[in-house]
Structure formats: C-alpha cells, structure tokens
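So the protein lines, in turn, are chains A and B. Heads up, the first sequence is in our numbering, so the first residue is 73 and it goes up one at a time. Heads up, the second sequence is in our numbering, so the first residue is 1052 and it goes up one at a time. Where a beta carbon is used, it is the ideal one built from N, C-alpha and C, also for glycine. What follows is a set of notes on a single structure, which appears directly below.
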Amino acid sequence: MEGNMRLSLKVWRQSNTDAAGGFEDYKLDNVSPDMSFLEMFDVLNEQLIEEGKEPVAFDHDCREGICGMCSMYINGRPHGPLRGVTTCQLHMRSFKDGDTIVVEPWRAQAFPVIKDLVVDRDAFDRVISAGGFVSVNTGNAQDANSLPIAKEAADDAFAAAACIGCGACVAACKNASAMLFVSAKISQLALLPQGQAERSIRAEKMVAQMDAEGFGACTNTGACSAECPKEISLENIARMNREYIGAKFSSSAV
Amino acid sequence: MATSSRLDARIPQGPLESKWSKYRSSVPLVNPANKRNLEIIVVGTGLAGASAAATLAELGYKVKAFCFQDSPRRAHSIAAQGGINAAKNYQNDGDSVYRLFYDTIKGGDYRAREANVHRLAEVSGNIIDQCVAAGVPFAREYGGLLSNRSFGGTQVQRTFYAAGQTGQQLLLGAYSGLQRQVGMGTVKMYNRHEMLDVVNIEGKCRGIIARNLITGEIERHGGHAVLLCTGGYGNVFYLSTNAMGSNVTAAWKAHKRGAFFGNPCFTQIHPTCIPVSGEHQSKLTLMSESLRNDGRIWVPKKKDDNRPGNEIPENERDYYLERRYPAFGNLVPRDIASRAAKERCDAGYGVGTSKLAVYLDFAAAVERYGRAEANKNNIHNASDADITLWGKAVVKEKYGNLFDMYKQITGEDPYEVPMRIYPAVHYTMGGLWVDYNLMTTVPGLYSLGEANFSDHGANRLGASALMQGLADGYFVIPYTIGAYLASEIRTGKISTDHEAFVKAEAEVKERIDTLLKIQGKTSPELFHRRLGKIMWEKCGMARNAQGLKEAIEEIRQLRREFWSDVKVMGTANYFNPELDKANRVADFIELGELMCIDALDRNESCGGHFREEYQTEEGEALRDDENYMYVSAWEHKGPEEWELHKEELIYENIKIAQRSYK
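Printed below as a string of structure tokens:
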C-alpha cells in the first residue's frame, strides 16, 4: 500500500448479542492519509483474513455520508473527531502517525450489539412506524403547487429532515436518549402544512414508542446535536416538547 | 428483424398518448376481499420497492418486504443527489409530457421502448404531487412554490430538488409510507435479509429463498407474485458510485431461473465524480450533475501543464464541452460528457497527480451570482472581493453539502480551487427484461426501478432514475399487477412445503457450504477487485471486439479460480459479512461475462455503449439502426451459455436521427 502512517487500534470484538465482548489490539502499517476511516478498516480486515482471523464486522453501505448505516464510536465520540461528518467520510488525515485509536459500537440499551461494531437499530424504525408519516395513500394528492409553503418553513423542515437516522445522538447521550432523532421527524412534519392533520397524535404516539423502546430521558446536555453528523439542531427537541405537551393538554388518545 | 417469439412486450394497442389511460381503465381488477388473500413479496426497499410495497399494502394486498440493510431507509436511492424530473411545466418554458418523452428517448440514443417511456412521462407529475403530500421538503421559491433547475440533455427546467439530497428526501418519504403500513401490520418487513433464490412452481414464480443475515438461517417465503426492486449492478466494476452492498444477486438468481436479462452491457459512466486517489479506494463519490448548471468544465490548452488550476489564465484554458457542443455546452448528456473527458485525458491534457481528471470550475458562477446579489441590494460600486464573497454565499446555498463532501474527501477547498473530476460507473440501464406490465419472462416475477431494463435505453438522463423508481412503484405496478393477480384468486395460499421450495433451499445451502469449504488463499474482496479491473479496462467507457474477447476469457478463468481458491472466513450460522460478499462476488463474475458477450454482440456505438470500431469522424457514437435497433434479451442456458432473443424497437412517434447536442 501507498501510505506511511502507523496506527495502533483497540477494537471492540463481540461474537453475538449475548456474548461478553472485549477489546482486541491490532497494529496497522502503511495507512495512507487519503484513506477513509472505513477503508482503513478494509485494510485491517484483509490483514486479519491473511492471518486466518475473522475480520471485524461493521455496518456501512453508501460510504458517502448519507445512508446512515455506518456507526463506530471512535476515541469516545460517535463518528470520530470531526463535526458534521460520518465515519465513512472521516479520513485518516484527521489522525497522526503513531496514534492509538479506540473503536467501539454504539452503546445503548435500545441498540443491542449484533456482532463486533454492528448494532440493532430497529427501534428507530418502530418509532417511525408509530407516527413519523403523513397518512396519505398513493393517488390522493392534489397538484403540488396548490399548496404554497413559505420558504422559511420549507427550509426549516428541510433542515430537520436532513437526519440520516444513524443513531449517533443516542450513542453520544449519557442517558441514551433518542430525543434528537424523534424530534427531527416530529419537527419536519409539524412545520409543514401537510403534517397538520395528525400533528398532535403524531407527537403523542412517537414519544410513547420512544419511551417503550427503552431510550433514556433528555437532560439538555446537548451532546446529541454536537455529535450529529448532520448537525440537527437542539431547537427540534424544544419544539417536540412543545408539541408533546400541547398534544397532551388536548388529547383524547394514548 | 422481427421480435423473438419468446418475447411479448404486451404493449397496448392504440395511439401512444392514450395507451396508458385506456389500459389502466381496462386492466382486470381484484376485489378487496380477494386482495387480502393474495401475498406479494417485494425484494429491495429503495424508491421502487418502498413505494410499491406501501402502495400495494394500501390497496389491501398482503405484502412482505425484504432488504439486506439494517433498515429500509438505507437503500441506495438515498444517495441520489441532484433531482427528479417531472413534466409539470411550472416554469412556463415549453415543457410537456411529449417533450419529456422525447428527451428521454433521444437521451437513451433510441434504444428504449416508446410506450414505457411515454407512460413514465405521463405519471411524472403525479409523483411530485404524491411526494409533496407525503411531506417531502422540496426546494421552494420565496412565493412558496416549488423550485426547478436544469439537468443534462434537456433545455427546459423540469428538475425538482431538495438541495443536493433529493434522493434522501424522496426515499425517506417513501420509507415513511412503508413504515406506516408496517405499523398497521399490512406489510411485514424483513430487514437484514438477503434473497438468494426465486422459486418457480409449474412455470410461475411462487416465492423466494432468503438468508437471515443475523442468524444465518435460510428461510422460505411463498407469495403469489414477487417484485424485484433490487437496483443496479454497477458494482460489477468494483469501483462505482454504488453503495458497498449494492449487488446483482437477486436479479441474477432470477435470471438463472428463467428471467431474460435485457441489454446487460448498457452501463452509465457519470462524468462528474471525485477521481480515484489510490489503491485503497473502495468506492467513488459522485458530484451531482446539478453542478454542471453552474460549473464550467475545462482542461489546460497545453499538454502536461502542471500549474495549479487557478493559476492558469483564461486564454490558456480549453472549455472543451462548450467548444464541441455549443447548443448544450456543459449540460450535454452524461455519456457524451464522460467520453469527452476521457478523450482529453487520453490525449494528454488531464490534470492532477494521476492526470486522469478535468476541472469543474465555479469561478465564473461565483462572479455572476456575486454581481446579481450586488444589483439586488442596489450596490453599484462593489469591490471584487465583496462580489466574490457574495457569490460564494449563493453557491454555498445551492451546492453547500456537495462542496463540503468534496473537501472532506480530497482535502481541497473547492471554493478556492477548481474541483477535479473524472467519470465513474454510476448506473446500469440494463437489467431484467420486462414487458409493459413490468413482468419478466417468468410469470408472476416482476422487476421495478433500476433493476429492470425498460426506460432509459442506452443512456439515462440525469434526474430520471428517481422518476422511474417512483413511477414504477407508485403508479405503474399497482395497476399492472392486477392483470396477473386477477387470475390468481383461486390459487389459495402458497405452501412452502412444495418440493420446489425444498430443492431451492437445498441448493442455496449447498452453495454456501461449498463457498465455506474451499478455504483457498484469496479473499472475496481481492477477486472483486480483479473482476472490476477487467471490466473497467475492457468493458468500460470504450470497448472493442478484441478487448471484449480477451475479457470473456479472463473472466472465465477468474470464475474457475474463484471456485477453487476463495477464502471465506467464519461459518454460515451467524452474522458473516464475508460470506455475503463471497456470494455476491460469485454472481458478479458470471454477470461480467454476460456483459462482455452483450457488448461484443452489439456492433455499433449507442449511448453509454461505445465500441471504438464504430464512431464518426468527430468521435461521436455511430449507431447502426438497421441492424441493432433491438433490445437484447439473454436467456441463461447453462454455465457460460446464453441464447440471444431480440425485441425489435419500433418508433412510431419520434423521428429517428443521429443524436446531436451541437
């Protein structure tokens, strides 16, 4: 290979959900600063295969920072040291020759480890199923431009909708709270006219499902937003709280 | 030439403009009580799969949906950046259904089926309506109405977008519709499941065999119809803009069970991707075509000019697209822009350390936008520095996330120096052959979205993939599937105890055992790299008969080597990404051979298929309409053996011409 960085890695290995896990140490030479963090893991895995050892399992797919599949808790921070960047877009030029890098899975009760660095994030899907949608069947829509939306509302909704559902917010939070994720979806739809009909019930149902999944409560530390690779704003949590309390005062359901 | 008797495209009779509306009103219906007893399996949850699964469940069918990722929201549609086309004519610039239809057929270099493409253009407007109703936050103007921009190969503004994240917003819209049905229990979702075979009983598709990727368990799933919405196969080239997990396995298994493969060699090489930086490279990243709205592409006029891009004066730059294609300039279709970049680099004018790159430069746009901002704010003596500052802010609002991504990957700041770009594999126009109903040659087995071959001919225009995926899923299959399922209401529940299921499951298990037992020396990853190298060099942007013949031999050799020397770590009874990878690479190798065979058969150049032997004096693609105006549909007959069936393409509503963007 073409690079000349040398790294020590401490990587969490765990064979399945029920097994006890632990750190393994690996040495890696010839790392190029132009490699992405996951490409560095590709190199590690090829090295492990050559040595007859099982490669490290990690989630990844698009490798361009949008699918939300990659995770990895790097040196104590979800997605590593940079702000607004996913693990797959983190490059080795952000590290120094001779560094020791510690890599763990997301840690949260609601995200059980499947293997090594891979966790189960089905809880997020279930929260969306509880109310993260507009109930409109295909074929019912009116002409798109018959519903003007002020640019500011559209932009704010878009900013909330940028969430990629990776779970870094949960991993960053000392309470493993999912409030940033849930509030981003509630906000997106609460800001748009299309979301008004189900606005109250959506907030109630999504929050109820979030709690049922075992995510912790929010104590306004703000680590979620600071570590979010899409820099989703804390304002969304404030908005969700308003939506939820408002809904509860007028609720006939849940 | 006549269409093979084995292919019936089932195109409705009548004038083009009324085919779909008439057919839609006459296609057999299934009553709601019967729908509840009919099961539909949807494989893949991208735009096509998620929209189809949700819509079919809304109609009352029982749906099972499968994806290999940890959530349906990860499907690679999410990475589409630039936009989605629709013939809304909101800009009053002369757009119409016919014009979108015409642009798509012409853009596809006259190798797509008229009736399908016209239907696509007809439903394009409904897609935008549906997405907006579902809460997709498209870009808007200050008046609150939807914003549009231009894309390659068109002269109107019909592309709807959400910054550089259109695919993400559309997919999350379709995904939320899907999750709504999952919550209601009308769709059963199987994530982290990979389809490893289709099961046919008495000539009809009746289900699939899937592997639970967490437990390793092999499962049988029965259904009255199976929809493959499994995307494209660009990863056969190893390096592409596809996601790491994107693969051909589902489509390939269907192919080996009787579904013909259409136009496998039609591959789209996207002109604006971040160049390869080294041997470690695992994937390539696209810089949206929307950047060509404002970016100007150029190389130095002097060979081997090693000065940094921003130090080369204006009069020493060759804006080769504007020079060669004055009518469309930087917005020529992708195949043409890619070949032009390759031509310049091959001739020695490439830039960057590898010399395999050209510049995409925003300096002119920054100045233009900066001056417009100054005028807007009534400032008539602004300094150049201020104009640059304001211009950069406008560019940032339009393309900020793409610029950030470029900087993150390359370490260079594109606000200060021109981007370096080079073509890369992006999309595959080929795919499973389907009829007008989107059914493959196996009754009951359908293919939607990029996985089928149907709408883009030999080259896809930008912002058309999202349109096709959602058209197929939201507005085509919900109607056309009735033509088949109306005759299935008496079938009853599909039993997975049938011997065909038993046999298919045993074959899947045997293959997995074989892979694990080989215990050779080479990892699946290394085989994949080797395959990719053969494909890129000999079946990539330019192809010739000799190279293709060599490639076929090399791939056959590689396949033999794979099955005797692959090293798959771990076992089959748990989460094992290495095993998944080995399974996929094995199928890519077989597909690679068929792609080369198809490219060798097609003795012409058209769209993304450029055979060096067939070009005009100016280096443009030279079609042979007399002999090759057909869809090649390949039937799998056995290892290394295929039979070609031809579907003649008939153009009744469009005048065939040499494609010109000059």
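| Check | Outcome |
| --- | --- |
| Reference proline 1066(B), options Gly1658(B), Ala1166(B), Tyr1679(B), closest by Cα | Ala1166(B) |
| Opening and closing residue of the alpha helix (DSSP H) in which glycine 1176(B) lies | 1165 to 1184 |
| Assigned secondary structure, histidine 1660(B) (DSSP; H/G/I helix, E/B strand, else coil) | strand |
| Identity of the residues DSSP links to alanine 1475(B) by a beta bridge | His1321(B) |
| Cβ-based neighbour list, methionine 73(A), same chain, cut-off 6 Å, excluding 5 preceding and 5 following | At methionine 73(A) the pLDDT is 45, less than 50, meaning the model places this residue with poor confidence and gives no usable figure here. |
| Cutoff 9 Å: glutamine 1332(B) Cβ touching any chain A Cβ | yes |
| Runs of beta strand (DSSP E) wholly within the region 1072 to 1098 of chain B (minimum 3 residues, chain order) | 1090 to 1094 |
| Cα-Cα separation between serine 1328(B) and tryptophan 1349(B), rounded to whole angstroms | 20 Å |
| Limits of the alpha helix (DSSP H) - the one that aspartate 1437(B) falls within | 1435 to 1461 |
| Environment of methionine 1052(B) [buried if 16+ CB atoms lie within 10 Å] | exposed |
| Tyrosine 1450(B) versus leucine 1342(B) - alpha carbon distance | 7 Å |
| Neighbouring residues, chain B, relative to valine 174(A) (Cβ below 9 Å) | Ordered by position in chain B, no residue passes the 9 Å Cβ test against valine 174(A), which lies about 22 Å from the chain. |
| Span of the alpha helix (DSSP H), counted from its first residue to its last, around glutamate 1699(B) | Glutamate 1699(B) -> not in any alpha helix (DSSP H); beta strand (DSSP E) instead, spanning 1692 to 1699. |
| Test: glycine 1500(B) CB closer than 9 Å to a CB of chain A | no |
| DSSP state of threonine 1547(B) mapped onto helix, strand, coil | coil |
| Neighbourhood of glycine 140(A) by C-beta, 7 Å cutoff - its chain only, sequence neighbours within 5 removed | Ile236, Gly237, Cys238 |
| Bridge-paired residues (DSSP) for valine 1636(B) | The partner list for valine 1636(B) (beta bridge, DSSP) is empty, contrary to what the question assumes. |
| Amino acids of chain A, ordered along the chain, whose beta-carbon sits closer than 7 Å to that of leucine 1197(B) | Ala216, Asn217 |
| Cβ neighbours of histidine 1477(B) in the same chain (closer than 7 Å, five flanking residues each side left out) | Gly1285, Ser1291, Thr1292, Gln1319, Ile1320, His1321, Leu1337 |
| Paired residues, beta bridge with tryptophan 1349(B) - DSSP | Tyr1410(B) |
| Valine 190(A), DSSP secondary structure in three states | strand |
| Chain A residues whose Cβ lies nearer than 7 Å to that of glutamate 1629(B) | Pro127 |
| CB contact flag (aspartate 197(A), arginine 1124(B), <9 Å) | yes |
| Within 9 Å, strictly: CB atoms of valine 1148(B) and alanine 1301(B) | no |
| Cβ of glutamate 1691(B) within 9 Å of any chain D Cβ | Looking at the structure shown, chain D is missing, and the protein chains on hand are A and B. |
| Own chain partners of leucine 1080(B) with C-beta closer than 8 Å, once the 5 adjacent residues on each side are dropped | Gly1533, Ala1537 |
| Short-range partners of chain A found in the region 1127 to 1139 of chain B, where Cβ spacing is below 8 Å | His1127, Ile1129, Ala1130, Lys1139 |
| Contact with chain B by cysteine 139(A), beta-carbon distance below 9 Å | yes |
| CB contact check: histidine 163(A) to chain B, cutoff 9 Å | yes |
| Neighbouring residues, chain B, relative to histidine 132(A) (Cβ below 7 Å) | Met1295 |
| Counted within 10 angstroms of its Cβ, other Cβ atoms place glycine 1689(B) as buried (16 or more) or exposed | exposed |
| 3 or more residues per run - each beta strand (DSSP E) lying fully within the region 1496 to 1569 of chain B | 1496 to 1498 |
| Inter-residue spacing [alpha-carbon to alpha-carbon] between glycine 267(A) and serine 201(A) | 15 Å |
| Asparagine 1429(B), buried or exposed, once every other Cβ within 10 Å from all chains shown has been counted against 16 | exposed |
| Valine 1238(B) in three-state terms, based on DSSP | strand |
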